[in-house]
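Position one of the sequence shown corresponds to residue 1 (this note's numbering), numbered consecutively onward.
Encoded as structure tokens, the structure appears first; notes follow it.
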Amino acid sequence: MNLTILTYPDKRLKQISKDVAVFDAKLHQLLNEMNKVMLGSNGIGLAAIQVNFPLNILILNIPNSDGDQPPENLMEIINPVIIKKNGTTSYQEGCLSVPGFYEDVDRFETVSISYQDRHGNTKTLDADELLSIAIQHEMDHLAGKLFIEKLSYSRRKKFEKEYKRALKEKKEEY
Ligand code: QAP
Ligand code: CO
Numbered sequence: 001m002n003l004t005i006l007t008y009p010d011k012r013l014k015q016i017s018k019d020v021a022v023f024d025a026k027l028h029q030l031l032n033e034m035n036k037v038m039l040g041s042n043g044i045g046l047a048a049i050q051v052n053f054p055l056n057i058l059i060l061n062i063p064n065s066d067g068d069q070p071p072e073n074l075m076e077i078i079n080p081v082i083i084k085k086n087g088t089t090s091y092q093e094g095c096l097s098v099p100g101f102y103e104d105v106d107r108f109e110t111v112s113i114s115y116q117d118r119h120g121n122t123k124t125l126d127a128d129e130l131l132s133i134a135i136q137h138e139m140d141h142l143a144g145k146l147f148i149e150k151l152s153y154s155r156r157k158k159f160e161k162e163y164k165r166a167l168k169e170k171k172e173e174y
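Written out as structure tokens, the structure reads:
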């Protein structure tokens, strides 16, 4: 399958993802490969569009207090819909598709979602703290949005400047 992570400003990240209709072995293979790519890149969350599959799929593995990400903490969330949201919070977010940049982003404090698991079974989940933030971050990917689009004008400017410089330095380092 050989997945690679798309990075900003790749326009493919702007695609609107579509619902998964078939819960077959190919879907399971994609989920398994996404998990490998996420953990191999030190990620805590990944949307399928970030590996160029415009499907409503996200995976999460929120580290526990000692920083571990055991396999039993992996969450596979397919076709998610927010059914309840409350409060506001702010967190310094990053993204595997925007490497090296972190900035505060406003989110709902808690969200409840309805989603399907890898077998197509419908579930609900009440999320708070980092899990809630991560779900909202990854669901934005499914709508073709990156966290940098939620920044104020001045912070977005700061991002563009820093990110362009980093890209240029990377090109020059061969
Ligand atoms: C989304 O983000 C997220 O810049 C997941 O050099 C972010 O896994 C959810 C990463 C914040 C909740 C809060 C970023 C790895 C990983 C980088 C990630 C980098 C290496 C980001
Ligand atoms: Co992201």
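Heads up, the beta-carbon is just placed ideally off N, CA and C, and yes, glycines get one too.
Look up residue i in the DSSP assignment and give the residues it is bridged to.
{"i": "R107", "result": "T89"}
{"i": "L46", "result": "I59"}
{"i": "A127", "result": "V111"}
{"i": "Q185", "result": "With the chain represented from 1 up to 174, any question about residue 185 goes unanswered, as that position is not in the structure."}
{"i": "K18", "result": "L55"}
{"i": "K84", "result": "S112"}
Measure the alpha-carbon distance for residue i versus residue j and round it to whole angstroms.
{"i": "N32", "j": "K26", "result": "10 Å"}
{"i": "L167", "j": "N79", "result": "33 Å"}
{"i": "E172", "j": "K145", "result": "29 Å"}
{"i": "Y91", "j": "T124", "result": "24 Å"}
{"i": "K157", "j": "K164", "result": "11 Å"}
{"i": "K84", "j": "D140", "result": "16 Å"}
{"i": "P70", "j": "M34", "result": "15 Å"}
{"i": "E138", "j": "L55", "result": "12 Å"}
{"i": "D128", "j": "Y174", "result": "43 Å"}
{"i": "L142", "j": "K11", "result": "14 Å"}
{"i": "N73", "j": "G67", "result": "12 Å"}
Closest to residue i by CA distance: which of the options is it?
{"i": "I59", "options": "E129, D128, P9 and Y115", "result": "Y115"}
{"i": "K150", "options": "P54, Y102 and N52", "result": "Y102"}
{"i": "T89", "options": "I133, Q29 and V51", "result": "I133"}
{"i": "D126", "options": "L46, H119, R156 and I113", "result": "I113"}
{"i": "D117", "options": "V20, K164 and D10", "result": "V20"}
{"i": "N121", "options": "R12, F23 and P63", "result": "F23"}
{"i": "G94", "options": "Y153, K161 and L130", "result": "L130"}
{"i": "I77", "options": "K11, K170, D10 and Q136", "result": "Q136"}
{"i": "P9", "options": "E72, K36, E160 and A47", "result": "E160"}
{"i": "V51", "options": "M38, E169 and I62", "result": "M38"}
Are residue i and residue j closer than 8 Å when you measure CB to CB?
{"i": "G87", "j": "F53", "result": "no"}
{"i": "G75", "j": "Q29", "result": "One detail in the question is off: residue 75 reads as Met in this sequence, not Gly. Not a contact, by the Cβ cut-off of 8 Å."}
{"i": "V98", "j": "I44", "result": "no"}
{"i": "L3", "j": "L13", "result": "no"}
{"i": "S41", "j": "L96", "result": "yes"}
{"i": "V105", "j": "I82", "result": "no"}
Can you give the beta carbon distance from residue i to residue j, rounded, assuming they're within the 8 Å contact cut?
{"i": "I49", "j": "Q15", "result": "6 Å"}
Given 7 Å as the limit, tell me if residue i has its C-beta closer than that to any heavy atom belonging to the ligand MN.
{"i": "H28", "result": "Only the ligand QAP and the ligand CO can be found as ligands here, which leaves the ligand MN out of the picture."}
Would you verify that the beta carbon of residue i is, or is not, closer than 8 Å to some beta carbon of chain B?
{"i": "P99", "result": "No chain B appears in this structure, which consists of one protein chain only."}
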